[in-house]
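Numbering (the numbering used here), first residue to last: 11 to 114.
Glycine is no exception: its CB is placed at the ideal position from the N, C-alpha and C atoms.
No experiment lies behind these values; they were computed from the predicted model shown.
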């Protein structure tokens with residue numbers, strides 16, 4: 011029997027600060043037809059202890075899972091702070107290949 015360690019998918023906006031994704035969905039912008047990825051976080055570690063001010067910004071987003079990393083430079087991002095329900099990151103543009111891997 012082979013035991014394979016599984017890694018929870020995570021995302022980094024700042025070097026060394028891994029955010030755990032609670033949920034993710036793919037939507038289509040009705041006006042433009044562009045795909046929009048919505049990620050929901052229970053909490054954002056980058057906001058704790060001012061890490062967003064003390065850690066180096068990656069100027070991109072690193073998505074990591076057991077297969078490795080995908081580095082994405084979003085065309086636009088929008089954070090919605092939802093309080094107890096969690097926080098959302100909206101308007102992230104990915105290629106079709108990145109979308110398939112990200113949502114699998």
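Any idea what DSSP makes of residue i, helix, strand or coil?
i, result
"residue 14", "Caution applies to residue 14, whose pLDDT of 45 falls short of 50 and renders its modelled position unreliable; the model cannot decide the point."
"residue 76", "coil"
"residue 29", "strand"
"residue 107", "helix"
"residue 36", "strand"
Are residue i and residue j touching if we call contact CB-CB under 8 Å?
i, j, result
"residue 83", "residue 67", "no"
"residue 39", "residue 46", "yes"
"residue 25", "residue 52", "no"
Straight-line CA distance for residue i to residue j?
i, j, result
"residue 29", "residue 18", "10 Å"
"residue 56", "residue 27", "6 Å"
"residue 23", "residue 86", "13 Å"
"residue 41", "residue 107", "23 Å"
"residue 80", "residue 74", "6 Å"
"residue 78", "residue 54", "22 Å"
"residue 43", "residue 36", "12 Å"
So residue i packs on residue j, CB below 8 Å; how close in whole Å?
i, j, result
"residue 72", "residue 21", "7 Å"
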